[in-house]
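> So that you can map any letter, position 59 of the sequence shown is 1155 in my numbering, and since no number is skipped, the others follow by simple counting.
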Amino acid sequence: MPNSLPRLPAALLRALLPLAEREEVLADVATEYDVRRRDFGDALANRWLWRQVMGSMPTLVRRTWWRGWTGFEPRANRNRPGGPSMEGWIIDVRYAMRRLLRRPTYALLATLTLALGVGGTAAIFAIARGLLLDPLPIANEQDVGVFWAPYDWTAQEFTYLRGRIPGFAEVAAYTPRDVTLQEEGSTTRLLPGMATSAEFFSVLGAKAMLGRGFEEGDDVPGAEPVAVVSHGLWREMGGDAGLIGKVLRFDGIPRTVVGVMPAGFWFPAPNIRVWTPEAINPERRSGVYAFVGRVAPGQQLNAMGPSLDRLRSMLDERFDYPAQWDKLKAPGVTPVRAFLVGPLEPALLATLTAMALTLLIACA
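(1) To the nearest angstrom, how far is it from the Cα of L1109 to the Cα of V1189?
(2) Could you name each continuous beta strand (DSSP E) segment of 3 residues or more that falls completely within the stretch 1304 to 1379, going from the start of the chain to the end?
(3) Helix, strand or coil: which one does DSSP assign to A1268?
(4) Do you know how far the Cα of P1366 is from the Cα of P1442?
(5) Have a look at T1430, Y1385 and V1343 and flag the residue whose alpha-carbon is nearest the alpha-carbon of Q1396.
(6) Roughly how many angstroms separate the alpha carbons of V1343 and M1333, rounded to a whole number?
(7) Note down the Cα distance separating T1250 from L1453, rounded to an integer number of angstroms.
(8) When DSSP labels each residue in this structure, what does A1251 get in the three-state scheme?
(9) Just checking, does the stretch 1378 to 1392 make contact with the stretch 1242 to 1260 on the three C-beta pairs under 8 Å criterion?
(10) Could you compute how far the alpha carbon of F1415 sits from the alpha carbon of S1382?
(11) Using a Cβ-Cβ distance under 8 Å, would F1363 count as near chain C?
(12) At the level of alpha carbons, what is the spacing between P1041 and P1321?
(13) Would you say V1325 and V1370 are within 8 Å of each other, going by their C-beta atoms?
(14) Closest by CA to F1296, which one among A1268, D1347 and R1345?
(15) In angstroms with no decimal places, state the Cα-to-Cα distance between L1411 and G1335.
(16) Where does L1287 sit, in a helix, a strand or coil, going by DSSP?
(17) Which residue's Cα is closest to the Cα of L1456: P1102, G1216, I1223 and L1445?
(18) Taking one C-beta from the stretch 1300 to 1307 and one from the stretch 1353 to 1366 each time, how about it: are there three or more such pairs within less than 8 Å?
(19) Alpha carbon to alpha carbon, what distance is there between L1208 and L1257?
(20) Contact check, L1424 vs P1262 under 8 Å by CB: the rounded distance?
(21) Hey, how far is the Cα of P1427 from the Cα of L1286?
(22) Taking the alpha-carbon of T1292 as reference, which of M1305, E1279, E1237 and E1312 has the nearest alpha-carbon?
(23) Buried or exposed, going by whether 16 or more other CB atoms sit within 10 Å of the CB of M1193?
(24) Can you tell me where the beta strand (DSSP E) holding G1389 begins and where it ends?
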């Protein structure tokens, strides 16, 4: 402490000034005090000194309290090079906590809004990522497409085209068919299901986790009834590998479970629990099937125009379609991702945007 300052004001300043700037400030005050003593005398110099001390007292007291409560010296932190420090973050957090504790209702509302924004955005993003960004549970999905007029194809058409569609290695037929499952000692329950041709899992490039998928002959009328179940249904039934070969009653028909699909597999909808072979009757002319196909090696799905033209000629030669319902007007194959996810994409993106805005409002 400079010796020229009177003891009492010097002691007050020393007690209240932060350590990092204490000596510098005291030296500046002492220099100015000495100049005023020389020019104006002791009385005016002392008056000036006490005015400085008393005028600075409220600010210095507040800063001293802050330093004692936080353990840091505010000005030293502000002037420290390199940007904000950890101490500065701690000070900000403590200040924010005090403000929130003073207004508990506002704090609760802000917390709930933030939780809704974060949780909702995370949930919607997980769904959007799974449907729009993550690969589908289909091997080489870029080679798989769904034919035009889904659920309007007949068993008669499929029988005629089977193995003959130009440019495609395989084509499978499928149609929605929910089934009832009756287990021993439990009530009957309805399960979402699909009835498919034998090529179904082969076209999708999907292999069973346990057992097998469908094989040639499984969809022949009179074949032994079999079924493939989803991973979720397998878990609900105990997750026992012994389910393979077990006979379950679907729609009252005993069917042998020949396969369990891996977790994550779904087609054509995530809620499908069981797939059964469809007995393809070439005499049936009701349009209930959709066709899904995998292009032949060396072919590309977006370059199937000539193949579809040949397919149209084949259908035109074989079937006499009514003029008011001409299936040959607009042949095309939709990539499987666009077919499955396309209708949902606008709604998913709109919901994700809304949840992101909610999160921004909560953070503001």
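Backbone N, C-alpha and C define an ideal beta-carbon position, used for all residues, glycine too.
The relevant details are as follows:
(1) 29 Å
(2) 1322 to 1325, 1343 to 1346, 1349 to 1356 and 1370 to 1373
(3) strand
(4) 19 Å
(5) T1430
(6) 13 Å
(7) 48 Å
(8) helix
(9) yes
(10) 14 Å
(11) Within the model displayed, chain C is absent; a lone protein chain is all it includes.
(12) No statement about residue 1041 is possible, as the shown extent of the chain runs from 1097 to 1460 and does not include it.
(13) yes
(14) A1268
(15) 46 Å
(16) strand
(17) G1216
(18) yes
(19) 58 Å
(20) Their Cβ separation, rounded to whole angstroms, is 15 Å, which puts L1424 and P1262 out of contact at 8 Å.
(21) 36 Å
(22) E1312
(23) exposed
(24) A1386 to V1391
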